[in-house]
Amino acid sequence: MDHGDTARFEIITDRKKQAHEIMAEVMASLEEKGYNPINQLVGYFLSGDPTYITNHKGARGVIRRMERDDLLAVIIGEYVERLE
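This is the structure we're talking about:
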C-alpha cells in the first residue's frame, strides 16, 4: 500500500467521524427544542435552507461545518454499507 492510499483512508475516516459528530450534535439540539430531527434534516438537505436547523446550542453553525452534499454522501454511504 503506497502513501497515497493511506492518506485517502485517513481522509475518509476523518470525514465519517466529523459527519457523525455533526449529526449527533444537531439531532440532539433539534430534539431538545421539540423538533422532529428527521423532518428538519430532510428539509435542510432538500432545500439547502439552514433555517430548518435550530440555532439552539449553535446547531445551525455546526451543520455548516461540512458541505451539505459531503454530509449527505457520508450518511447515504453508511446506510448502503449496512445493507450489504
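All residue numbers for the sequence shown refer to numbering that gives the first Met the number 0, where the first residue is 0 and numbers rise by one.
Beta carbons: idealized from backbone N, C-alpha and C, even for Gly.
Beta carbon of residue i nearer than 7 Å to that of residue j
i: A18; j: L71; result: no
i: Y34; j: G42; result: no
i: S88; j: T53; result: The structure shown does not extend to residue 88, since the chain is modelled only from 0 to 83, so the question has no answer here.
i: V73; j: V25; result: no
i: R64; j: P49; result: no
Presumed contact (8 Å Cβ cut-off) between residue i and residue j, rounded CB distance
i: E31; j: H55; result: 6 Å
i: I44; j: R67; result: First, the residue type needs correcting, since residue 44 is Phe and not Ile in the sequence shown. With a Cβ gap of about 6 Å, F44 and R67 count as contacting.
Coil, strand or helix - residue i by DSSP
i: M84; result: Outside the modelled stretch of the chain, which goes from 0 to 83, sits residue 84, for which no answer is possible.
i: K56; result: helix
i: N35; result: coil
i: D13; result: helix
Element boundaries [alpha helix (DSSP H), containing residue i]
i: E80; result: R67 to L82
Burial state of residue i (16 or more Cβ within 10 Å)
i: L40; result: buried
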